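Scroll down for the structure; my scribbles are underneath it.
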Amino acid sequence: MLCCCEAGSVLLYLGSSTVSETVKNFAVIYLVDITEVPDFNKMYELYDPCTVMFFFRNKHIMIDLGTGNNNKINWAMEDKQEMIDIIETVYRGARKGRGLVVSPKDYSTKYRY
């Protein structure tokens with residue numbers, strides 16, 4: 001898993017010991033400053049303050065969150081357990097060879113006005 005953040009952004013839940021400790025047997029979390037390593041910014045459209053992307057064996061794993069953007073998560077997660085569930089789902093799907101996995105929760109109505 002890869003977290004791409006602009007300098008100065010705070011990664012609240014992924015960096016916390018509970019999430020990283022829980023997923024340490026099947027996921028590694030990397031924090032990348034996109035201003036320092038801009039190589040993939042255009043390819044993956046990395047322009048948000050914080051973006052979470054998933055990779056398994058050098059392959060980008062997409063996740064259907066119901067938002068239309070299957071490449072990444074670009075909003076703050078409210079709940080640590082939600083993030084753990086997403087990481088587990090991505091891991092299980094990627095191990096089965098899937099390039100696209102479906103999120104355990106639908107986020108399509110999260111930002112309705």
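By UniProt numbering, the letter at position 29 of the sequence shown is numbered 29, and the numbering carries on one by one without gaps. The beta-carbon is built from N, C-alpha and C at its ideal position, and this holds for glycine as well. From a predicted model like this one, the values you see are computed outputs, not experimental measurements.
Exercise. Ser55 and Ile61: beta carbons closer than 8 Å?
Worked result: Here residue 55 refers to the residue found at position 55 when the sequence shown is read from its first residue. Here residue 61 refers to the residue found at position 61 when the sequence shown is read from its first residue. The displayed chain sequence assigns Phe, not Ser, to residue 55. If you check the CB distance, Phe55 and Ile61 come in under 8 Å.
Problem set entry | Rounded straight-line distance, which links the Cα of Asn74 to that of Glu21 | For the purposes of this step, residue 21 is identified with residue 21 of the sequence shown, where counting begins at 1. For the purposes of this step, residue 74 is identified with residue 74 of the sequence shown, where counting begins at 1. Pairing Glu21 with Asn74, the inter-Cα distance amounts to about 22 Å.
Exercise. In its own chain, which residues sit with a C-beta less than 7 Å from the C-beta of Ser108, not counting the 5 before and 5 after it?
Worked result: As a working mapping, residue 108 is identified with position 108 in the sequence shown. Excluding five sequence positions before and after Ser108, the CB atoms of its chain that fall closer than 7 Å to its own CB belong to Gly66, Thr67, given in chain order.
For this session: State the Cα-Cα distance for the pair Tyr30 and Lys24, rounded to the nearest angstrom.
Result: The count along the sequence shown starts at 1 and reaches residue 30 at position 30. The count along the sequence shown starts at 1 and reaches residue 24 at position 24. Put simply, the backbone Cα of Tyr30 is about 12 Å away from that of Lys24.
Exercise. Which residues in the same chain as Val101 place their Cβ atom closer than 8 Å to its Cβ, once the five residues preceding and following it in sequence are excluded?
Worked result: Taking the first residue of the sequence shown as 1, we reach residue 101 at position 101. Excluding positions up to five away in sequence, the list reads Ile61, Met62, Ile63, Asp64, Thr89, Val90, Arg92, Gly93, Ala94.
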